[in-house]
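The block underneath contains the structure these notes are about, expressed in structure tokens.
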Amino acid sequence: MTMLYWGTITLLGVLCLFLFFSRYFLSKKMKTLLEEAKHFDEQRAQFNETFRIVRSERHDFLKHVSAIHFMLETNKNGEAKLYLDELVESYKETNLSIKGERGVVAGILHQMYRKARALDIEVVYDFDVPLSTLPLSDQQIITLIGNLLSNSIDACEDWQKKYNKQAFLSLQFYKRSGLYILQSKNSSLPIPAQVLDQLFVNFGKTTKGEGHEGLGTKLIQDVVNESNGFLDFVHKDEEFVIKIKIPSIKA
Numbered sequence: 008m009t010m011l012y013w014g015t016i017t018l019l020g021v022l023c024l025f026l027f028f029s030r031y032f033l034s035k036k037m038k039t040l041l042e043e044a045k046h047f048d049e050q051r052a053q054f055n056e057t058f059r060i061v062r063s064e065r066h067d068f069l070k071h072v073s074a075i076h077f078m079l080e081t082n083k084n085g086e087a088k089l090y091l092d093e094l095v096e097s098y099k100e101t102n103l104s105i106k107g108e109r110g111v112v113a114g115i116l117h118q119m120y121r122k123a124r125a126l127d128i129e130v131v132y133d134f135d136v137p138l139s140t141l142p143l144s145d146q147q148i149i150t151l152i153g154n155l156l157s158n159s160i161d162a163c164e165d166w167q168k169k170y171n172k173q174a175f176l177s178l179q180f181y182k183r184s185g186l187y188i189l190q191s192k193n194s195s196l197p198i199p200a201q202v203l204d205q206l207f208v209n210f211g212k213t214t215k216g217e218g219h220e221g222l223g224t225k226l227i228q229d230v231v232n233e234s235n236g237f238l239d240f241v242h243k244d245e246e247f248v249i250k251i252k253i254p255s256i257k258a
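Just remember that our numbering sits 7 ahead of the position in the sequence shown, which is counted from 1.
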């Protein structure tokens, strides 16, 4: 009777532990899904905003041409040049983001570019081929690029606050020998070694300080793993560099 009693207690204990861990992991999974849904809503809004800007620029194009034509006809060459320079600069911002890209990818690139420029961060996009050529789903590309750029912008903003100087951010993308190579660089304050060691391994590791959950870096690594890719990073002389290599052919 005693053995039966203790056996029942042990079984109940195992069941309780099973339920506890099941609930814990389900809770973490649900939290991740909710975060991804939030990102998706943000990305949809970014795409709509980019589409609105492109439509607006197209709608006003002939008006700008007419204005420049009038200035040239009235011999206001200096004003026409200044007007044209400002117009080209505004179009350049949009063209950097949408050239050859699918809609949702163009949306996230354009939104992040505008966000960085609004913070007076120097931004350079240097793409040999469109990011949309990555052998990934749109959702994976958005997760990868969105988190890379968001983390870079946050790091640049913190760096600027400390030094009161303009930070920089660059994103390069090219293809070499059957590999797509994505590299981001940005200004960065010193990062503790214990954070760097686990940065792309576990949730909760972040360079952003208290109040942040470190979800973005883990999501980046998850996308790289799902694509059989490779991620490497280095932090040196207050510059943070991430290099990602993804095979051009899905396994």
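Where a beta carbon is used, it is the ideal one built from N, C-alpha and C, also for glycine.
- DSSP places Leu-238 in the uninterrupted beta strand (DSSP E) bounded by 237-243.
- A direct Cα-to-Cα measurement between Gln-167 and Leu-155 gives close to 18 Å.
- Secondary structure at Gln-205: coil, using DSSP grouped into helix, strand and coil.
- Leu-238 and Glu-93 have their C-alpha atoms spaced approximately 39 Å apart.
- With contacts defined as CB atoms closer than 9 Å, Ser-255 and Gln-147 fail to qualify as a contacting pair.
- Annotated three-state conformation of Ser-177 is strand, per DSSP.
- Under the DSSP assignment, Ile-249 falls in the beta strand (DSSP E) whose first and last residues are 246-254.
- Take the alpha-carbon of Lys-252 and the one of Glu-80: they are about 54 Å apart.
- Using a Cβ-Cβ distance cut-off of 8 Å, the segment 106-115 and the segment 134-148 are in contact, since at least three pairs of beta carbons, one from each stretch, lie closer than that value.
- Going by DSSP, Asp-161 is part of no beta strand (DSSP E) but of the alpha helix (DSSP H) stretching over 145-170.
- Note on Tyr-170: under 16 other CB atoms within 10 angstroms of its CB, so exposed under the neighbour-count rule.
- Put simply, the backbone Cα of Ser-191 is about 37 Å away from that of Ala-87.
- When DSSP states are grouped into helix, strand and coil, Asp-127 belongs to the coil group.
- With 16 or more other Cβ atoms from the protein chains shown falling within 10 Å of its own Cβ, Asn-158 counts as buried.
- By the Cβ neighbour-count rule, Val-131 is exposed, with fewer than 16 other Cβ atoms within 10 Å of its own.
- Per DSSP, reduced to three states, the secondary structure at Asn-82 is coil, with no helix or strand assignment.
- When rounded, the separation of the alpha-carbon atoms in Leu-89 and Ala-125 is 22 Å.
- The continuous stretches of beta strand (DSSP E) do not include Leu-196, and DSSP gives it neither H nor E.
- Per the coordinates, the alpha-carbon of Phe-175 lies some 7 Å from the alpha-carbon of Cys-163.
- Partner residues in the beta bridge of Leu-189, as assigned by DSSP, are Phe-180, Ile-251.
- Cβ-Cβ distances below 8 Å link Glu-245 to Trp-166, Ser-194, Ser-195, Leu-196, Pro-197 in the same chain, with the five nearest sequence neighbours on each side left out; the list follows chain order.
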